[in-house]
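In the numbering used here, the protein residues as written are 58 to 103. Notes for the one structure printed next.
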């Protein structure tokens, strides 16, 4: 894993944690789109 990817994941995690407090549904959607993006970039395996 490279540094940029780690930063992206940290940022995504913070965003998801913030959304979970306010809007769990939005957090789910954000997570799905994040995973899709990572998959397209060939980083997410599962």
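We put the beta carbon where it would ideally sit given N, CA and C, even for glycine.
query: Where does the unbroken alpha helix (DSSP H) through residue 79 begin, and where does it stop?
result: 60 to 79
- request: Measure how close the beta-carbons of residue 69 and residue 91 come, nearest whole angstrom, since I'm counting them as under 8 angstroms.
  value: 5 angstroms
message: Output needed for residue 62: all residues of its chain with C-beta closer than 7 angstroms, excluding positions within five of it in sequence on either side, in chain order.
response: Contacts found: 100.
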